[in-house]
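A short worksheet on the structure shown next.
There are 2 protein chains.
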Amino acid sequence: MRTLIQDATVITLDEQDRLLQHADLAIDGETILPLGEIPPSFIPDTIISGQDLLAMPAFFNAHTHAAMTLERGWAEDLPFERWLNERIWVAESALEEEDVYWGAALAAAEMLRGGIVGFADHYFWMDQVARLVESSGMKANLAWCHFGLAPAQELGGKSFEDTVAFVEHWNKAAGGRILTSMGPHSPYMDSPAVLHRFAEEAQRLGVGVHLHLSESDQQMRDSLDRYGRTPVAQVASTGLFDLPLPALVAHCNVLQEDDYAILAEKGVHVAHTPKTYQKLAMHMPPILEMLRRKVHVALGTDGPASNSDLNMLEIMRLVGLYQKGLTADATALPVAQLLRLATQAPAAAIGFSQSGVLAPGRPADLILLDTTAPHWLPRHDLSAGIVYTAHPGDVAYVWCNGQLLYRQGEFLTLDYERIRFEAERRAFRMVGKSMHSMRLTPNV
Amino acid sequence: MRTLIQDATVITLDEQDRLLQHADLAIDGETILPLGEIPPSFIPDTIISGQDLLAMPAFFNAHTHAAMTLERGWAEDLPFERWLNERIWVAESALEEEDVYWGAALAAAEMLRGGIVGFADHYFWMDQVARLVESSGMKANLAWCHFGLAPAQELGGKSFEDTVAFVEHWNKAAGGRILTSMGPHSPYMDSPAVLHRFAEEAQRLGVGVHLHLSESDQQMRDSLDRYGRTPVAQVASTGLFDLPLPALVAHCNVLQEDDYAILAEKGVHVAHTPKTYQKLAMHMPPILEMLRRKVHVALGTDGPASNSDLNMLEIMRLVGLYQKGLTADATALPVAQLLRLATQAPAAAIGFSQSGVLAPGRPADLILLDTTAPHWLPRHDLSAGIVYTAHPGDVAYVWCNGQLLYRQGEFLTLDYERIRFEAERRAFRMVGKSMHSMRLTPNV
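Chains as they are written, first to last, in our numbering: chain A, 133 to 576; chain B, 133 to 576.
Listed below in structure tokens is the structure:
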């Protein structure tokens, strides 16, 4: 497919931070052609008028549990322990293999509609998610979650060996759109021996790791008591920070002084999901200090059971607003940096480091935003508009690897009507509700 | 007009917090009929199928400067002093009377699209805003901003007497949809003598007051130095908290112990605009303590020059997330309370205390949200969906006083194409840009 977008405004996020006006942008197969230098030999199959449209790199989501869309709204206004024990685990005890497919499909629809083309997912029955990613045209880095003390232990539907087999089977599948990582849950849910085994298998297979790390004061205390080391140092000691690919760790809400140097030296990517931290009243991770010490930080949404949604526009906004308020410095995290934290940074964190910039030869992972709604006007600063006023509904076109996946309300690779029905039906079954509970007589 | 909405889900926000399913909701003229008890004699002019639609009270906005849409995006990532001196005042020095009409019209479009039907506005040339409110069908409480030491001083285009004349002329206009208030800027921009004069005039005319109050440590120190009293106590001493209607004060970022009792005893409504506080790195007002001490708190957006947008859905979300994080208590400010803070509370704060609940005989100020987009599914908790996942684009229908003002992307009382053109043209003129600056050759 050859697509020409004519006369658009283009936010490149390149090294010069160029914002082009009345620019022509061409997609040739899977990649972007030089901006403003489209060769005469390029004959497009499709031409899109770029008037009132804003082109930018697509968003990537550094950490989620996609199928947990099924539990969205099922555990509101509860303290973390009750959220987990009384709600999430109860619902997940009823989780069936195919539920994961439909939950992830609902997540895919939500992510595409909001301009997200790639995500790091960490959950169970990940072959279901891989099937969905393959057919949806998206990109993903998938890890089959493992928790338990012994490698052979049956947990989350699969043994240690099965989760490793998943990594081997699906890595670089779908023309490279699917990457896989080892998926130990965390250093508090997996023993040091298991973490060592994961490090060995990752070395053997040439992949990375994706896990949860250092989320609370309690975890910090327990790790110091049990291992004499912080959670970060504990994971470093298992070899998981010395893999062929840099590690992706979620959260790091609580760090000690030496942890920053470990994370920076090992090139670890830290996924930051602020909406979940606030909603579940967790500590806000010290990302400005991480960034100052050259730790890679990438934004993400976490799963919708905690985060409510999968909206990277809102995540950028929450990060900018929170950090400005926290530091009493309105210049903290300027707009261009927030845009990179939601595009280039998570793309790199999950293994797609060529994405996140509109430049010649880069993968055509991009979106067009419709800027006609009132909240975009006047167009004094369209970049600030993206960060501080835009909504998923403004996303008009979404391409991944040059394939158009979403166009003005229409999902081109997903059967959205079926997804709606299957996801809701299964979600209600998991929590013991029948569909008829939505169809009762008014309770007046 | 008689409108029947059939088979909808209805969030009443009544005293029993009833959520009705498959309910019929009827609007007869300006008011709502008893839910589920529509008399056979009611013959609707219009029937709307409520399938996949969620009815709720419309939002009200307790504090804004509507025409400052014209400066949206014009002052990003700047410290407060530079934001004000280098950007806002420079742009406003070029403000012309008719600009206020078109800036407010753009604000009206944005607010209606996001389900806001009423707002408290505090700015200049407020007769322009009154004209706009009159023709748009919205509700508003309008105050002509005055700052200066002497009543006769010429500032903001009008003298003290002129701003009082505006209050007298427009109060209860447009069938009661327009209310007016005295509009001294603040106790640091208006002298005690001027504030006294405003209190006298408000008594004479039977109106309230809308002003800025206690926004920073500096204001607190200056007030204590100059008057030996906190800003709250200083305003109380001028009589402005003893008017025929309760006072509306914006912000109260910094309070001292005795201030809470004054605000509670005098029935003052405090407008809370958290996005602006975070974006400009101001102190977050202690609203949980205010609520605990029975101070009326109502949510608002402030002006788009500081706040970027006019989105009460996002304001609820920011308040819930911030306060849960701040208190390390995930149960703080549950969903139902946040919904009230964005509907009933600001409606009451700006003089429309019958609005904000769907109940028989109440004004038909209501909205329908379309719940078919992925972020609404599964429908475990639609109230939580409104607070934590909804966007302005989900708002499908908006009624104010029984008049349909917005329907599925269409503004029924506003000429949106003309507003877009006029607002942007004028905004660019104010900051010295020509429209052609958006129409330049690509800067590649």
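Here a beta-carbon is modelled for each residue, glycine too, at the ideal position from N, C-alpha and C. Keep in mind the model is a prediction, meaning the values are calculated, not measured.
Inter-residue spacing [alpha-carbon to alpha-carbon] between residue 182 of chain A and residue 139 of chain A:
5 Å
Return yes when the Cβ of residue 237 of chain B is within less than 8 Å of the Cβ of residue 264 of chain B, no when it is not.
yes
Beta-carbon proximity check, residue 312 of chain A vs residue 303 of chain A, cutoff 8 Å:
yes
When you compare the CB positions of residue 200 of chain B and residue 168 of chain B, do they come within less than 8 Å of one another, or not?
Residue 168 of chain B is positioned such that its CB atom lies no closer than 8 Å to that of residue 200 of chain B.
Please determine, among A/440, A/324, A/489 and A/503, the residue with the shortest C-alpha to C-alpha distance to residue 540 of chain A.
A/503
So with Cβ pairs under 8 Å, would you call residue 440 of chain B a contact of chain A?
yes
Helix, strand or coil: which one does DSSP assign to residue 451 of chain A?
helix
Taking three-plus beta-carbon pairs below 8 Å as touching, is the region 240 to 260 of chain A in contact with the region 541 to 553 of chain A?
yes
Grab the span of the beta strand (DSSP E) containing residue 529 of chain A for me, first residue to last.
527 to 532
Take the Cβ of residue 335 of chain A as the centre, count every other Cβ of all protein chains shown within 10 Å, and call the residue buried at 16 or more, exposed below.
Exposure of residue 335 of chain A is indicated by the presence of fewer than 16 other C-beta atoms within 10 angstroms of its C-beta.
Distance check for residue 427 of chain A and residue 399 of chain A, CA to CA, integer angstroms please.
7 Å
Runs of beta strand (DSSP E) wholly within the region 413 to 500 of chain B (minimum 3 residues, chain order):
428 to 431
Against chain B, which members of the region 493 to 526 of chain A pass a CB distance test of less than 9 Å?
504, 505, 506, 507, 508, 509, 510, 511, 512, 513, 514, 515, 516, 517, 519, 520, 521, 523, 524, 525 and 526
Let me see if you follow: with CB-CB separation under 8 Å, is residue 221 of chain A close to chain B or not?
no
Going along the chain, which residues of its own chain have a beta-carbon closer than 6 Å to the beta-carbon of residue 425 of chain A, five neighbours each way excluded?
392 and 396
Which residues share a DSSP beta bridge with residue 189 of chain A?
A/498
Is there contact here, the region 316 to 330 of chain A with the region 344 to 359 of chain A, by at least three beta-carbon pairs under 8 Å?
Yes, since at least three Cβ pairs between the region 316 to 330 of chain A and the region 344 to 359 of chain A fall closer than 8 Å, the two stretches touch.
Residue 269 of chain B vs residue 537 of chain B beta-carbon contact at 8 Å:
yes
Using the beta-carbon count (16 or more within 10 Å), is residue 512 of chain B buried or exposed?
With 16 or more Cβ atoms within 10 Å of its Cβ, residue 512 of chain B is classed as buried.
From the DSSP output, in three-state form, read off residue 543 of chain A for me.
Reduced to three states, the DSSP call for residue 543 of chain A is strand.
For residue 403 of chain B: DSSP bridge partner residues
B/382 and B/430
Taking 7 Å as the cut-off, is the C-beta of residue 546 of chain B nearer than that to any heavy atom in the ligand ADP?
Summarising the ligand content, the structure contains no ligands, and the ligand ADP is consequently not present.
Taking buried to mean at least 16 other C-beta atoms within 10 Å of its own C-beta, is residue 390 of chain A buried or exposed?
Label assigned to residue 390 of chain A: exposed.
Contact criterion: CB-CB distance below 8 Å. Does residue 215 of chain B meet it with respect to chain A?
yes
Under 8 Å: do the region 430 to 448 of chain A and the region 489 to 499 of chain A share three or more Cβ pairs, one atom per stretch?
no
Consider the Cβ of residue 453 of chain A: report whether some Cβ of chain B lies at a distance smaller than 8 Å.
yes
As assigned by DSSP and simplified to three states, the class of residue 504 of chain A:
coil
Could you tell me which of A/143, A/134, A/135 and A/136 sits nearest to residue 468 of chain A, measuring between CA atoms?
A/143
Is the beta carbon of residue 473 of chain B closer than 8 Å to that of residue 448 of chain B?
yes
Against chain A, which members of the region 550 to 561 of chain B pass a CB distance test of less than 7 Å?
Taking 7 Å as the Cβ-Cβ cut-off against chain A, the residues of the region 550 to 561 of chain B that qualify are 552, 555, 556, 559 and 560.
Kindly list, in the order they appear in chain A, the residues whose Cβ is closer than 9 Å to that of residue 211 of chain B.
461, 462 and 463
Where residue 135 of chain B and residue 251 of chain A are concerned, what is the direct C-alpha to C-alpha distance, given to the nearest angstrom?
45 Å
Give the DSSP bridge partners of residue 158 of chain A, in chain order.
A/136
For a quick check, are the C-beta atoms of residue 177 of chain B and residue 202 of chain B less than 8 Å apart?
no
For residue 273 of chain A, write down the residues that DSSP places opposite it in a beta bridge.
A/252 and A/311
Tell me whether residue 281 of chain B is buried or exposed, calling it buried when 16 or more other Cβ atoms sit within 10 Å of its Cβ.
Its Cβ having fewer than 16 others within 10 Å, residue 281 of chain B is exposed.
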